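Each residue of the sequence shown is one higher than the one before, counting from 400 in our numbering. Each remark here refers to the structure printed beneath this line.
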Amino acid sequence: MNVGERIKNLRLNKKFKATQFAKSIGISRVYLNEIERGIKIPTLETLKKICDALGVTLAEFFSTGENTISPEYMELIDNAKVLTQKQLKILNEFLKALREENDNV
């Protein structure tokens with residue numbers, strides 16, 4: 400998967416519309432479209448803005464192989480990022496209980 404395809408996949412997973420996403424990072428929709436289609440290559444500065452808007456680091460963006468996080472796990476992480484510490488603790492306890500239930504089946 401090339402850089403443009405990766406950007407598009409991540410953007411769509413986050414349910415960002417192209418026009419709104421481009422505006423949020425200070426580029427035109429046309430330029431974003433050219434990047435996503437592989438016609439243009441973003442500068443490092445633009446790529447950093449894209450990654451920031453997508454909530455990934457440059458290292459995560461370029462990671463490949465088995466350590467790639469699935470969209471489902473990314474959604475869980477995104478949801479957890481906005482929780483309070485108390486809410487995270489409750490969520491973690493709930494997940495542990497689900498795991499124990501699965502282990503006992």
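Ideal placement from N, C-alpha and C gives every residue a C-beta, glycine not left out. Just so it is clear, the structure is predicted and the values come from calculations on it, not from any experiment.
Measure how close the beta-carbons of I507 and G403 come, nearest whole angstrom, since I'm counting them as under 8 Å. It is not possible to answer for residue 507, since the shown part of the chain is limited to 400 through 504.
Best match in T483, V481, L475, K480 for proximity to L494 [C-alpha to C-alpha]: L475
Rounded to whole angstroms, how far is the Cβ of A452 from the Cβ of S423, which I believe are closer than 8 Å? 6 Å
What are the boundary residues of the alpha helix (DSSP H) that includes L453? 443-453
Check I434 in the structure and name its three-state DSSP category. When DSSP states are grouped into helix, strand and coil, I434 belongs to the helix group.
Taking only the alpha-carbon atoms, compute the straight-line gap between N503 and F415 and give it to the nearest angstrom. Straight-line Cα distance between these residues: approximately 40 Å.
Please classify P470 as buried or exposed, where buried requires at least 16 neighbouring CB atoms within 10 angstroms. exposed
Here's the rule: buried if 16 or more other CB atoms are within 10 angstroms of the residue's CB, otherwise exposed. What is L409? buried
Quick one: grab the DSSP three-state call for V481. coil
Short of 7 Å in beta carbon distance, which residues of its chain neighbour I449, apart from the five on each side in sequence? Order them along the chain. I406, I424, P441
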